[in-house]
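Under our numbering, read the sequence shown as residues 57 to 461, first letter to last.
Cβ atoms here follow ideal geometry from the backbone N, Cα and C, with glycine treated the same way.
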Amino acid sequence: MNISFFIAKRLIGKNEYRFSKPSIRIAITAVSLSLAIMLISLAIIRGFQNEITDKVIGFNSHIQVSNFLNGNSYESTILKQRDSLKILISEVKGIKHIQSFATKAGIIKTDNEIQGVVLKGLTSDFDTTFLKNILLKGKIPTFGKFKNSNEVLISQTIAKKLKLNIGDKFQMYFIQKPVRVRKLKIIGIYDSGVAEFDEILVLSDIEHIQKLNKWDSNDVGGLEILINNFDQLESINEEIYQKIGFDLNTRTVIDNNPQLFDWLELQNMNVKVILILMLIVGAINMVVALLILIMERSKLIGILKALGSKNWEIRKVFIYHSLYLILKGMLWGNLLGLTLCLIQKEFNLIELDKSIYYMSYVPIDINILNILSINFGTFILCWVTLIIPSYLISKINPIKAIQFE
Numbered sequence: 057m058n059i060s061f062f063i064a065k066r067l068i069g070k071n072e073y074r075f076s077k078p079s080i081r082i083a084i085t086a087v088s089l090s091l092a093i094m095l096i097s098l099a100i101i102r103g104f105q106n107e108i109t110d111k112v113i114g115f116n117s118h119i120q121v122s123n124f125l126n127g128n129s130y131e132s133t134i135l136k137q138r139d140s141l142k143i144l145i146s147e148v149k150g151i152k153h154i155q156s157f158a159t160k161a162g163i164i165k166t167d168n169e170i171q172g173v174v175l176k177g178l179t180s181d182f183d184t185t186f187l188k189n190i191l192l193k194g195k196i197p198t199f200g201k202f203k204n205s206n207e208v209l210i211s212q213t214i215a216k217k218l219k220l221n222i223g224d225k226f227q228m229y230f231i232q233k234p235v236r237v238r239k240l241k242i243i244g245i246y247d248s249g250v251a252e253f254d255e256i257l258v259l260s261d262i263e264h265i266q267k268l269n270k271w272d273s274n275d276v277g278g279l280e281i282l283i284n285n286f287d288q289l290e291s292i293n294e295e296i297y298q299k300i301g302f303d304l305n306t307r308t309v310i311d312n313n314p315q316l317f318d319w320l321e322l323q324n325m326n327v328k329v330i331l332i333l334m335l336i337v338g339a340i341n342m343v344v345a346l347l348i349l350i351m352e353r354s355k356l357i358g359i360l361k362a363l364g365s366k367n368w369e370i371r372k373v374f375i376y377h378s379l380y381l382i383l384k385g386m387l388w389g390n391l392l393g394l395t396l397c398l399i400q401k402e403f404n405l406i407e408l409d410k411s412i413y414y415m416s417y418v419p420i421d422i423n424i425l426n427i428l429s430i431n432f433g434t435f436i437l438c439w440v441t442l443i444i445p446s447y448l449i450s451k452i453n454p455i456k457a458i459q460f461e
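This is the structure we're talking about:
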């Protein structure tokens, strides 16, 4: 029988504390709150990162293949042999979907307003899942199905600036020689919350850009590639780059939006600071609780030493006791943290300014691996921290301890 564990269990079962009871409650509460704050913080940050990343990918895809001459320009350069290129790229493992696009800068003019925008032309192979998620009202145009379609999808931001609504028609001017004009009709309004896209992007059938640029019906401005695993972005991008011709280039979603992803990466630093601070708070409170337990049970320590118990065996009694308190605190911390996360995830009670945070509510991402990692890390750190102060037991004189009241 493990005598240290047996004694610790008896001490826990008796639950007889004198002056240590308030300190123990404070220690349990500190561990609970620290763990809850860590769980909530990580769930919120991961929620932010996932939501914003999904929105950016929805507009830009994971990887774009285009002519080297394109650079960062909104004026697409022709990309020929689209079908053969799609077949070549589809051979790369990890590819989820490939779709065609083209972009062209223009100016929307109404009776009283004017706005510079980018017309993004799409084809029938475009995955509209993301657009359905951000569609505010109306419907999504049927891309690439009908000839001479003048239907477009615009953002709520552009609609408000130009005082436009569903069913309204407007003229869009394209600066070229000669200046070309297209009369377009709004059938849908979207709202992604990402100002970088909402302020400029108008979605239409690619046929408009093909005719404006005098391209053939099979010519496009580039290919957008969606992949299964974001962690493989760089490796898949490199493999695609090696397969395509020397006159073509690839750009990842990170290349196209460096500032946004730098900001998201900065949030990881914030999480690390919060995790470290909360772990320190929890560990310090458990050390204080252990020292108080040792002081309160010094007579028991003296008796055990007098009976021939080794220092390490006695130390284990108090470590086991403290681990019980840690687990109790962690149980309440998990209940509190996960309950608050689930409530926010279900009801979106905490709202945000969409113009600043790209979304109207605090997003929550509950990931079982993150939960297990935080719990495991908390338990191990507290356990290791308890070993050092338990060394105080070896310094206790059994005769003085037995006489101590």
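The straight-line gap separating the alpha-carbon atoms of L135 and Q171 is approximately 28 Å. In chain order, K219 place their CB closer than 8 Å to the CB of N168, counting only its own chain and leaving out the 5 sequence neighbours on each side. For the segment 118-157, the continuous alpha helix (DSSP H) assignments of 4+ residues that do not extend past its boundaries occur at 138-146, in sequence order. In the DSSP assignment, T213 falls within the unbroken alpha helix (DSSP H) covering 212-218. Under the three-pair Cβ rule at 8 Å, the segment 418-426 counts as touching the segment 100-107.
For Y417, there is no enclosing beta strand (DSSP E), as DSSP gives it neither H nor E. Rounded to the nearest whole angstrom, the CA to CA distance from L383 to S88 is 9 Å. A contact is defined here as three or more CB-CB pairs under 8 Å, and the segment 285-297 meets this definition with respect to the segment 140-157. Selection L240, K299, P234, S365 evaluated against K225 yields L240 as nearest (Cα-Cα).
Minimum Cα-Cα distance from L279 among the listed residues W271, I296, E290 corresponds to I296.
Pairing S90 with V337 gives a Cβ-Cβ distance under 7 Å.
Ranked by Cα distance from R236, the options S248, K267, Q212 are led by K267.
Listed in chain order, the alpha helix (DSSP H) runs fully inside the segment 151-196 are 185-190, counting runs of at least 4 residues. With respect to the C-alpha of E131, the residue from L428, F104, N106, A161 having the closest C-alpha is A161. Exclusion of the five residues before and after Y447 leaves R371 as the residues of its chain whose Cβ lies within less than 8 Å of its Cβ.
D254 sits buried, since 16 or more C-beta atoms from the chains shown fall within 10 Å of its C-beta.
The count of Cβ pairs closer than 8 Å, one atom from the segment 392-403 and one from the segment 323-341, stays below three, leaving the stretches out of contact. When beta bridges are read from the DSSP output, S260 appears opposite G177. Rounded to whole angstroms, S211 and I190 show a C-alpha spacing of 10 Å.
Its Cα nearest to that of F199, the residue A158 stands out among A158, K217, Q227, M228. In this structure the segment 248-262 touches the segment 109-120; the number of beta carbon pairs closer than 8 Å is three or more. The alpha-carbon of I430 is positioned some 12 Å away from that of C438.
Per DSSP, reduced to three states, the secondary structure at Q227 is strand. Annotated as distal: S156 and T184, with beta-carbon spacing of 7 Å or more.
One thing to note: T308 has its Cβ no nearer than 7 Å to the Cβ of L320. Contact between A92 and G389 holds: their C-beta atoms lie close to 5 Å from each other, under 8 Å.
Contact check for Q227 and K165: beta-carbon distance about 6 Å, within the 8 Å limit, so the pair qualifies. Note on geometry: alpha-carbon atoms of D272 and E263 lie some 9 Å from one another.
Judged by DSSP secondary structure, G358 falls within the alpha helix (DSSP H) whose first and last residues are 354-362. Counting the other Cβ atoms within 10 Å of the Cβ of V329 gives fewer than 16, which makes it exposed. No residue range can be given for Y447, since it is assigned to no alpha helix (DSSP H) and is classified by DSSP as neither H nor E.
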